[in-house]
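Just below is one structure, and these are the notes that go with it.
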């Protein structure tokens with residue numbers, strides 16, 4: 001166990017608490033950067049391309065997941081409607097490309113505009129608490145599905161749109177011809193979003209997010225403008241989701257209203273809970289689960305020698321989620337944290353160190 | 001005449017939404033949790049009934065099967081509370097919301113495994129015959145839906161207002177600790193309310209299956225029922241029925257008078273408008289939270 005003797009207030013908000021942590025994350029980034037060549041060495045040829053595609057998928061889900069994590073994990077507002085903002089980001093990006101913008105500009109601008117739209121929508125949504133907000137956002141997601149069909153001129157309606165081929169830094173970005181390029185695009189976005197997220201958490205705004213999550217009334221008493229904080233959280237979260245959505249649609253090759261069905265936002269929410277609500281790591285772990293689960297299941301059914309069972313994926317996903325909420329509400333990353341503390345303190349760790357606080361419920365209804 | 005026809009068929013649909021919404025409100029009223037799986041409960045109730053009645057399954061007499069199906073669903077509701085939801089006692093509402101969404105996925109999967117993915121219809125005596133009133137045609141099932149829903153809402157409303165168990169349920173949600181002090185077995189009361197919600201869902205399912213076909217994604221009408229419950233103000237039983245009727249009536253009128261594509265968004269647009277202007281529904285029961 002390492003002890004940090006803090007000698008200045010800056011210690012509390014450093015990006016990395018010590019050199020050991022820094023070198024861990026630096027190694028992780030280096031390994032991720034070298035992954036195309038590692039895969040090439042291990043699997044070779046086309047298989048490497050396939051696994052690289054899977055990794056890209058994980059990273060894309062993680063970007064969208066980070067968006068929802070900022071809202072749900074850090075600010076404590078549950079949204080069931082992030083698929084709407086993913087769709088918005090994706091269709092904005094396509095239309096910006098049509099207008100002749102270079103990809104990078106179109107991509108970033110799509111994220112920014114999605115964020116602005118999200119912030120505007122957040123203003124009425126702010127008055128809502130808890131369950132009402134979830135239902136409001138669920139309605140948004142369903143509306144978005146229908147709006148994509150109605151706004152055929154920009155979205156291609158039910159037929160959807162093909163992702164146009166675009167070039168980035170002189171390289172043609174086609175998923176099949178250039179899996180490495182796509183991988184680096186997703187990795188770059190994921191790293192950028194993670195850094196932004198991490199830096200937000202270190203700023204007064206990030207601490208305001210956490211304060212609003214823990215108690216709105218206390219946050220207000222501390223002088224935090226709750227409405228402004230929630231709006232910013234919603235906007236930023238939507239911006240990340242928009243980036244993730246743009247990547248997801250383009251990576252899929254073709255997208256229509258079904259690509260951004262409201263089930264996607266529920267899946268996104270489940271993903272961050274399985275990963276670990278409130279942790280940046282959780283978004284990545286959850287994304288890995290969601291991206292590899294279908295493969296694992298199809299391998300399992302192959303192994304059992306049975307035909308594929310329709311709906312198995314979703315059913316198993318639901319069951320895993322129930323197990324997590326009942327037995328490990330802190331998710332995969334929480335489990336790892338507990339394991340680490342147990343190892344660090346061995347043999348002095350005690351079960352009650354992670355006891356969940358329970359409280360008696362009181363209604364907000366008065367009649 | 002056309003307007004009247006649209007209105008009546010809307011009312012019949014709205015009653016089904018209202019029944020599912022009643023299930024939401026019941027659970028919300030008594031446990032302060034929101035059951036996102038109520039629509040899937042309804043679907044399950046319909047399938048249990050189909051499994052009992054339809055000739056390719058058990059082929060029971062319809063009227064004999066009704067109490068059996070109700071009992072099965074009550075038992076399922078109670079078991080669900082016993083095995084899963086009771087562990088959530090004392091935890092945040094959000095966790096329960098997500099848990100019930102996951103439960104919905106699992107229920108849908110299980111129903112698909114047992115009864116298959118093709119749409120099925122219930123062999124119901126309510127399916128026979130129409131009733132003509134002037135120029136308006138109403139099927140027997142529509143009338144049954146309206147009558148049963150009204151009776152059910154009235155009964156549940158009175159149950160919550162008048163009877164001891166009903167008051168105990170309300171007390172258990174309003175302040176758990178105080179309810180314990182008053183000698184209310186809060187957990188058992190919550191189990192009872194989940195069983196009750198199972199019964200309501202089963203009634204809704206039987207009526208829904210009598211009106212048309214059921215498949216495993218029928219549970220998604222739960223989302224419309226949500227709109228109904230929210231419009232009515234979560235926590236109010238007559239409000240839930242009212243909201244259900246509003247949503248049900250808006251749908252056929254939007255389909256008739258709005259351009260194609262816009263009609264199915266009408267209930268959700270209404271939901272959003274209501275939430276923006278009356279954040280706690282038309283029959284609000286919430287005032288500003290105090291510390």
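Protein chains in written order, with the numbering used here: chain A, 1 to 367; chain B, 1 to 291.
Each residue gets a CB set at the ideal place from its N, CA and C atoms; glycine is no exception.
For the segment 177-197 of chain A and the segment 212-219 of chain A, state whether three or more C-beta atom pairs, one from each stretch, are separated by less than 8 Å. no
Could you tell me the distance, in whole angstroms, from the CA atom of residue 291 of chain B to the CA atom of residue 221 of chain A? In this prediction, residue 291 of chain B scores a pLDDT of 45, lower than 50, which makes its location untrustworthy; the coordinate-derived value is nonetheless stated afterwards. Per the coordinates, the alpha-carbon of residue 291 of chain B lies some 11 Å from the alpha-carbon of residue 221 of chain A.
Run down chain B in chain order and give the residues with a C-beta less than 7 Å from the C-beta of residue 269 of chain A. Listed by position along chain B, the residues whose Cβ is nearer than 7 Å to that of residue 269 of chain A are 98.
8 Å is my cut-off, CB to CB: does residue 227 of chain B come that close to chain A? yes
Could you confirm whether any beta carbon from chain A is found closer than 8 Å to the beta carbon of residue 293 of chain B? It is not possible to answer for residue 293 of chain B, since the shown part of chain B is limited to 1 through 291.
Within chain B, partners of residue 134 of chain A - CB distance below 7 Å: 97
Quick one: which residues of the segment 259-273 of chain B get their C-beta closer than 8 Å to a C-beta of chain A? List them in chain order. 261, 262, 264, 265, 268, 269, 271 and 272
Strictly below 8 Å CB to CB, what residues from chain B border residue 322 of chain A? What residue 322 of chain A touches in chain B: 84, 99, 102, 103 and 106.
Just to confirm the assignment: which complete alpha helix (DSSP H) runs, minimum length 4, are found wholly within the segment 238-283 of chain A? 262-275
Is the number of C-beta pairs between the segment 193-213 of chain B and the segment 123-132 of chain B that are closer than 8 Å three or more? yes
8 Å is my cut-off, CB to CB: does residue 119 of chain A come that close to chain B? no
Please list, in chain order, all residues of the same chain as residue 96 of chain A whose beta carbon is under 7 Å from its beta carbon, the five residues on each side excluded. 106, 109 and 110
Chain-ordered residues of the segment 211-240 of chain B with a beta carbon less than 8 Å from chain A: 216, 223, 226, 227, 230, 234 and 235
Excluding sequence positions up to five away, which residues of its chain have a Cβ less than 7 Å from the Cβ of residue 193 of chain B? 26, 27, 30, 31 and 169
DSSP bridge partner residues for residue 172 of chain A (one or two, in chain order): A:167
For chain B, check one thing: does any of its Cβ atoms lie closer than 8 Å to the Cβ of residue 332 of chain A? no
Short check: CB of residue 75 of chain B to CB of residue 49 of chain B, under 8 Å? no
Partner residues on chain B for residue 124 of chain A, Cβ-Cβ distance less than 9 Å: 272, 275, 276, 277 and 279
How about residue 127 of chain A: is its C-beta nearer than 8 Å to some C-beta of chain B? yes
Are there 16 or more other CB atoms within 10 angstroms of the CB of residue 147 of chain B, so buried, or fewer, so exposed? Under a 10 Å Cβ-count criterion, residue 147 of chain B is classified as exposed, with fewer than 16 other Cβ atoms of the shown protein chains found around its own Cβ.
With 8 Å as the threshold, decide whether the Cβ of residue 329 of chain A is near any Cβ in chain B. yes
Rounded C-alpha distance that separates residue 144 of chain A from residue 172 of chain B: 38 Å
Once you ignore the five residues that flank residue 40 of chain B on each side, which residues in its own chain have a CB closer than 7 Å to its CB? Annotation for residue 40 of chain B: 104, 107, 108, 219 and 222 place their beta carbon closer than 7 Å to its own, counting only its chain and skipping 5 residues before and after.
Neighbouring residues, chain A, relative to residue 34 of chain B (Cβ below 7 Å): 131
Collapsed DSSP secondary structure at residue 8 of chain A in the structure displayed: In the structure shown, residue 8 of chain A sits in coil (DSSP, three-state: anything other than H, G, I, E or B).
Please list, in chain order, the chain A residues whose beta carbon lies closer than 7 Å to that of residue 112 of chain B. 310 and 311
Output, in chain order, the set of chain B residues within a Cβ distance shorter than 7 Å of residue 43 of chain A. Within 7 Å Cβ-Cβ: nothing; residue 43 of chain A doesn't reach chain B, min ~33 Å.
Among A:277, A:147, A:174 and A:167, nearest to residue 256 of chain A - alpha-carbon criterion: Looking at the Cα atoms, A:147 is the closest of the given residues.
Return helix, strand or coil for residue 137 of chain B, following the three-state DSSP convention. When DSSP states are grouped into helix, strand and coil, residue 137 of chain B belongs to the strand group.
Exposed unless 16 or more other CB atoms sit within 10 angstroms - verdict on residue 298 of chain A: Exposed, since its Cβ has fewer than 16 Cβ neighbours within 10 Å.
Are any of the Cβ atoms in chain B nearer than 8 Å to that of residue 353 of chain A? no
Could you name the residues of chain B that residue 146 of chain A contacts, counting a contact when the two beta carbons are closer than 9 Å? 261, 262, 264, 265 and 268
Which residues in chain B sit within 9 Å of residue 326 of chain A, going by Cβ to Cβ distance? 84, 87, 88 and 99
If you compare alpha carbons, which of A:59, A:260, A:55 and A:78 is closest to residue 155 of chain A? A:260
Residue 35 of chain A: which of A:12, A:59 and A:15 sits nearest, CA to CA? When each option's Cα is compared against that of residue 35 of chain A, the closest is A:59.
Are the segment 273-293 of chain A and the segment 340-357 of chain A in contact at 8 Å, needing three or more beta carbon pairs? By the Cβ criterion, the segment 273-293 of chain A is not in contact with the segment 340-357 of chain A, since fewer than three pairs of Cβ atoms, one from each stretch, lie closer than 8 Å.
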